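When the letters of the sequence shown are read in order and numbered with mature numbering (1 follows the signal peptide of the UniProt record, and there is no 0), they come out as residues -25 to -1, 1 to 335. Heads up, the beta-carbon is just placed ideally off N, CA and C, and yes, glycines get one too. None of the values given here were measured: they were computed from a predicted structure. What follows is a short report on a single structure.
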Amino acid sequence: MKRRSFLITTAATAMIASAGLPAFAEEPLKVGFIYVGPVGDMGWSYQHDQGRQAIEAEYGDKVQTTFMESVPEGPDAERALTQLALEGNNLIFATSFGYMDAVMNVAAKFPDVKFEHATGYKTADNVAVYDAKFFQGRAIQGTIAGRMTKSNKIGYIASFPIPEVIQGINSAYLHAKKVNPDVEMKVVWAYTWFDPAKEADAAAALIAEGVDVVMQHTDSTAPQAKAQEAGNVITFGQASDMGAFAPMPRVTSTIDNWAPYYVQRVGAMLDGSWASGATWGGIDTGMVEIGEISDAVPAEVKAEALALKDAIAAGTYHPFTGPLNKQDGSAWLAEGVTAEDGELAGMNFYVEGITAELPQ
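Given below as structure tokens:
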């Protein structure tokens, strides 16, 4: 494994094939990763790096992995991806939504390199996409939140107004409301994936408004710390378990388990079966996991949450099942109808009952 800070160089590593075989048949398959945050964020980037380590554990000296952390979305990402391609990486994982255009641009210049883009939707012959159904975990969080709130005010720290984030807000709200009709949801947009100061400020603002539950779709543990400081606020681990804050304020977590996917895709590279495609895994596939529910959660609420998890895993319950309306009161899903994956992938509206304004 090679660890790199975000520093672009102009050096290129040549790959030399001999005996008519591709270089990676004789040398380790080179696999690169770029992360939007630091590996130590204990959230999103941390979990992706756990997946990278799983590749090394599975394949040993058959692979060589490299990662670049804290790579900003935009032009910097394109430079980082180019560097990894020039260094001879055969497979590159780009692990943030905002890397999408950079991935497509660099992939067009390096047709022999395979790219995997997390949470994106654009594909090419050498570009695959993968994502997790985070909204399934939010349904479980919402159920616990609705049961445990005393103020009936739930706060949500959102990152960017993209479908994956909006899905989570809607799912959390619907399931909190389902068990507690008096629930209100307050949303603060941080416009960052990882910025502990901004995330702490967002949590403080929500707590000042009277929320006693804070959810987050940002990557640091700053909201957990701020809730712990308040003393009467519960939270949920985001992307990783964040178990250091259990049993309070963190009462459970949604864990992104990328390791099986990464191991499978590297295996496909090694055996020559890699192909472009789109993967959207959930609780049923193990890509979304629910962390241990702490003893701060009443036994009956824990049982209710675990039953919901089991129903989602079995496919007998879908978090977006009608009748449901959009925020403006227009019909969305009729009685018993469930949302199609394609529709959720483009979600750009709040459901009825959320009074916050959705940025456009």
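Going by CA-CA distance only, name the one from F211, G112, L319 and G321 that's closest to A282. Position 307 of the sequence shown holds residue 282. Ranking the options by Cα distance to A282, first place goes to G112.
Rounded to a whole number of angstroms, what is the C-alpha to C-alpha distance between D285 and E327? As a first step, residue 285 is located in the sequence shown; it is residue number 310 there, counting from the start. As a first step, residue 327 is located in the sequence shown; it is residue number 352 there, counting from the start. Roughly 27 Å separates the two Cα atoms.
Run through the segment 84 to 159 for me and flag every whole beta strand (DSSP E) of 3 or more residues, listed as ranges in chain order. 89 to 93, 102 to 107 and 128 to 133
How close, in whole Å, do the beta carbons of M79 and I129 come, if the pair is a contact with beta carbons under 8 Å? Position 104 of the sequence shown, counting from 1, holds the residue named residue 79. Position 154 of the sequence shown, counting from 1, holds the residue named residue 129. No, M79 and I129 are not in contact; Cβ-Cβ is about 37 Å, not under 8 Å.
Buried or exposed: A52, going by 16 or more other Cβ atoms within 10 Å of its Cβ? In the sequence shown, residue 52 corresponds to position 77, counting from 1. Classification for A52: buried.
Classify Q239 as buried or exposed, calling it buried when 16 or more other Cβ atoms lie within 10 Å of its own Cβ. As a working note, residue 239 is residue 264 in the sequence shown. Classification of Q239: exposed, given that the 10 Å Cβ count is below 16.
Where do the ends of the beta strand (DSSP E) carrying E264 lie? To locate residue 264, count along the sequence shown from 1; it is residue 289. Note, E264: beta strand (DSSP E), V263 to I265.
Measure the alpha-carbon distance for A309 versus V154 and round it to whole angstroms. Position 334 of the sequence shown holds residue 309. Position 179 of the sequence shown holds residue 154. Near 21 Å, if we compare the C-alpha coordinates of V154 and A309.
The alpha helix (DSSP H) that contains D270, what's its start and end? Position 295 of the sequence shown, counting from 1, holds the residue named residue 270. That residue, D270, is in no alpha helix (DSSP H); it is neither H nor E in DSSP.
One question on the structure: do A214 and D194 come within less than 8 Å of each other, judged by their Cβ atoms? Your numbering for residue 214 matches position 239 in the sequence shown. Your numbering for residue 194 matches position 219 in the sequence shown. Taking 8 Å as the Cβ cut-off, A214 and D194 qualify as a contacting pair.
Alpha carbon to alpha carbon, what distance is there between M322 and E315? On the sequence shown, residue 315 is found 340 positions in, with the first residue counted as 1. On the sequence shown, residue 322 is found 347 positions in, with the first residue counted as 1. C-alpha separation (whole angstroms): 11 Å.
Whole-number beta carbon distance between F169 and G12, since they are thought to touch under 8 Å: Locating residue 12 in the sequence shown gives position 37, where the first residue counts as 1. Locating residue 169 in the sequence shown gives position 194, where the first residue counts as 1. Separation of the CB atoms of G12 and F169 is rounded to 4 Å, and the pair is thereby assigned contact status at 8 Å.
Cutting at 6 Å between CB atoms, please list the residues of its own chain near G212, excluding the five before and the five after it. Your numbering for residue 212 matches position 237 in the sequence shown. Closer than 6 Å at the Cβ level, and outside the excluded window around G212, lie R225, S228 and G266.
As a quick exercise: from A69, P3 and P298, pick the residue whose alpha carbon is nearest that of G26. Walking along the sequence shown from the start, residue 26 turns up at place 51. Among A69, P3 and P298, the Cα nearest to that of G26 is on A69.
For the alpha helix (DSSP H) that contains K173, what are its first and last residues? Within the sequence shown, numbered from 1, the residue matching residue 173 stands at position 198. It spans P171 to A183 - the alpha helix (DSSP H) in which K173 sits, taken as one unbroken run.
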